[in-house]
Amino acid sequence: MTRQGTKPGGGNAVEVRGLVKHFGTTRAVDGVDLDVREGTVLGVLGPNGAGKTTLVRCLSTLLKPDAGTAVVAGFDVVRQPRQLRRTIGLTGQYASVDEKLSGWENLYMIGRLLDLSRGDSRRRADELLERFSLTEAAKRPAGQYSGGMRRRLDLAASMIGRPAVLYLDEPTTGLDPRTRNEVWDEIRRMVADGSTVLLTTQYMEEAEQLADELTVIDRGKVIAEGTVHELKAKVGGRTLQIRPADPGELTRMVGALAQAGLDGVGGATADTAEGLVNVPILSDEQLTAVIGLLGARGFAVSGIDTHLPSLDEVFLALTGQKTSAHEPGRTGPGNPGDQSGQAAETYEEVAA
14 MTRQGTKPGG GNAVEVRGLV KHFGTTRAVD GVDLDVREGT VLGVLGPNGA
64 GKTTLVRCLS TLLKPDAGTA VVAGFDVVRQ PRQLRRTIGL TGQYASVDEK
114 LSGWENLYMI GRLLDLSRGD SRRRADELLE RFSLTEAAKR PAGQYSGGMR
164 RRLDLAASMI GRPAVLYLDE PTTGLDPRTR NEVWDEIRRM VADGSTVLLT
214 TQYMEEAEQL ADELTVIDRG KVIAEGTVHE LKAKVGGRTL QIRPADPGEL
264 TRMVGALAQA GLDGVGGATA DTAEGLVNVP ILSDEQLTAV IGLLGARGFA
314 VSGIDTHLPS LDEVFLALTG QKTSAHEPGR TGPGNPGDQS GQAAETYEEV
364 AA
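So the sequence shown is numbered by the numbering used here: it starts at 14 and just counts up by one.
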């Protein structure tokens, strides 16, 4: 069944061209172009203040862009905001649930607001509470939930209507590893059912686990895009790691490779601590040439491996900033890094 608002037969669920959003003299989003294919996950990476949250708020009709165009699920975000809101789901950086209602009541209410029948709203609430391990707390007021439980409830709320496009803005911040894996499984399940996901994250493992393609944003601009492997290749390609049978041959092996001057092969270096020779390469043909040369020169090799740069290394090379290994930095109202919270427009003003 084709979801409401999506274009049958595949294509892009999200198309953004030249999107601009500024707050005073600060351009939080500065001419962004973006395509997200239907039924895929696009990971949006960037340091704090890069403009990721502002971009999500523009694409979900919470902010009105100052220039450019954006079409989501077949609807223009500026000219057709009401129709668009019926086809999207959003989980922001901060859980936004009604703390006076129980977990079940929160989900049931949202189902009814999305025009699900009473029966469908009940069934969907029960299903998502079970998936997010909240069934035992279903009747307790959300205000009594721990931070992690509220986060899971907020995620469940964004999925109630089985949205055609789901925005997840750092969705697993603050979650324990088991719950994070449960969220990942649910995201994969939704994508398998046909949803499209735009995911902002600073967890590199999360990006590698979920994203089909990645877009890196810094200072409001797209600075790189592609698959994980494409970005790794763009930053540094592969490193061939050779372990000589005789560690004493490290220096002589490096010298032999330097003298050979193989086409396109970078300078070999010796890692005496690990007993390895590291050779930057760009292709399988270069790998074969290096191994062939060493064999012809009579070197005995006990091990060969190839190493790609980690996504953390790619992120650092592209943005000059480190990712947070355990707890990504947060942005929000009052943080000059990401000006989303300073916008004069509220949701109600945009919706009017």
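Ideal placement from N, C-alpha and C gives every residue a C-beta, glycine not left out. Since the structure is predicted, the reported quantities are computational estimates derived from the model, not experimental observations.
DSSP lists T39 as the beta-bridge partner residues of F36.
When DSSP states are grouped into helix, strand and coil, K245 belongs to the helix group. Looking at the backbone, the Cα of T186 and that of R165 are separated by about 11 angstroms. DSSP places E218 inside the alpha helix (DSSP H), whose first and last residues are 217-223.
With contacts defined as CB atoms closer than 9 angstroms, Y158 and T104 fail to qualify as a contacting pair. In terms of CA proximity to L307, V290 leads the group V290, T319, S323. P260 sits in a helix when the DSSP states are folded into three classes. Counting along the chain, N119 sits inside no beta strand (DSSP E); it lies in the alpha helix (DSSP H) bounded by residues 116-126. Taking a C-beta distance under 9 angstroms as the contact criterion, A26 and A177 qualify as a contact pair. The shortest CA-to-CA distance from D111 to any of R310, I101, T100, I123 is the one to I123. V90 is not a Cβ neighbour of T67, given a cutoff of 9 angstroms. Contact check for D225 against T53 passes: the beta carbons are separated by less than 9 angstroms. Taken atom to atom, the span from the alpha-carbon of S130 to that of D318 is near 57 angstroms.
Note on geometry: alpha-carbon atoms of D325 and V235 lie some 18 angstroms from one another.
Inclusion of G24 and R50 in the CB contact set at 9 angstroms is warranted, their separation being smaller than that value. Cβ neighbours of A170 within its own chain (closer than 7 angstroms, five residues either side excluded): V110, N119, L120, I123. Distance from the CA of N194 to the CA of A309, rounded to the nearest whole angstrom, comes to 49 angstroms. Collapsing the DSSP output to three states places E28 in a strand. The shortest C-alpha to C-alpha distance from P260 to any of F312, L168, P60 is the one to F312. Straight across, the Cα-Cα distance linking S134 with D231 is about 40 angstroms. Counting only runs of 4 or more residues that sit fully inside the segment 149-179, the alpha helix (DSSP H) segments are 160-172, in chain order. Taking the Cβ atoms as the reference, G174 lies roughly 7 angstroms from G102, within the contact range of under 8 angstroms. The alpha carbon of E298 has as its nearest neighbour, out of D284, E287, M266, R251, the alpha carbon of R251.
For V90, the secondary structure class from DSSP, reduced to helix, strand or coil, is coil.
Counted as a single uninterrupted DSSP element, the beta strand (DSSP E) harbouring P293 occupies residues 289-294. With fewer than 16 other Cβ atoms from the protein chains shown falling within 10 Å of its own Cβ, L126 counts as exposed. Per DSSP, T213 is one residue of the beta strand (DSSP E) stretching across 209-213. Burial state of P190 is exposed, judged by a 10 Å Cβ sphere holding fewer than 16 other Cβ atoms.
The beta carbon of P78 lies closer than 8 angstroms to those of L32, V33, K34, V42, C71, V90, V91 in the same chain, with the five residues before and after it left out.
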